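Participant: Before we start, here is the structure in question, set down as structure tokens.
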Amino acid sequence: SQLNVLKLRAEALELANMQYDIAEKNFVNNTINTGDLSVEKERQSTALEAFEKSRFEVTKSLMILEVVTRTPILKK
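Under my numbering, the residue at position 21 of the sequence shown is numbered 18, and the numbers go up by one with no gaps.
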């Protein structure tokens, strides 16, 4: 379901954020180079994009459900 996908993508985003934080610290300590840091930033950006797309789809589905059922679901 869309909610399961959203949950998985939220978890993936959290992991990508943690990995990037680690990569930043490693870069400051000169244990990785700019290329490695760039790879982690790309992973973080990809995870964020996937999460935002899933969140949009869930919101869109809820808005359609509101219209069909004439029941407020989302807070305005």
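Positions of the beta carbon are idealized from the N, C-alpha and C atoms, including for glycine. Computed from a predicted model, the values in this text were never measured in an experiment.
1) Which residues in the same chain have their Cβ closer than 8 angstroms to the Cβ of I29, if we skip the five residues on either side of it in sequence?
2) Any idea if R6 is buried or exposed, counting beta-carbon neighbours within 10 angstroms, 16 or more meaning buried?
3) Excluding the 5 residues flanking L45 on each side, which residues of the same chain have their C-beta closer than 8 angstroms to its C-beta?
4) Between the C-alpha atoms of I70 and K4, what's the straight-line distance to the nearest angstrom?
5) Does S42 pass the burial test, meaning 16 or more other C-beta atoms within 10 Å, or should it be called exposed?
6) Measuring CA to CA, which of N27, Y17, A47 and R67 is closest to K38?
Facilitator: With the structure as the only source:
1) Taking the sequence shown and counting its residues from 1, one reaches residue 29 at position 32. Within the same chain, I29 has close Cβ partners A20 and N23.
2) Residue mapping note: residue 6 aligns to position 9 of the sequence shown, counting from 1. Per the 10 Å Cβ criterion, buried.
3) Stepping through the sequence shown from its first residue, residue 45 is reached at position 48. Only L10 and A13 meet the Cβ criterion.
4) Taking the first residue of the sequence shown as 1, we reach residue 70 at position 73. Taking the first residue of the sequence shown as 1, we reach residue 4 at position 7. Rounded to the nearest angstrom, the two C-alpha atoms are 19 angstroms apart.
5) As a first step, residue 42 must be located in the sequence shown, where it is residue number 45. S42 comes out exposed.
6) Position 41 of the sequence shown, counted from the start, is the residue given in the question as residue 38. Considering only N27, Y17, A47 and R67, the residue with the shortest C-alpha distance to K38 is Y17.
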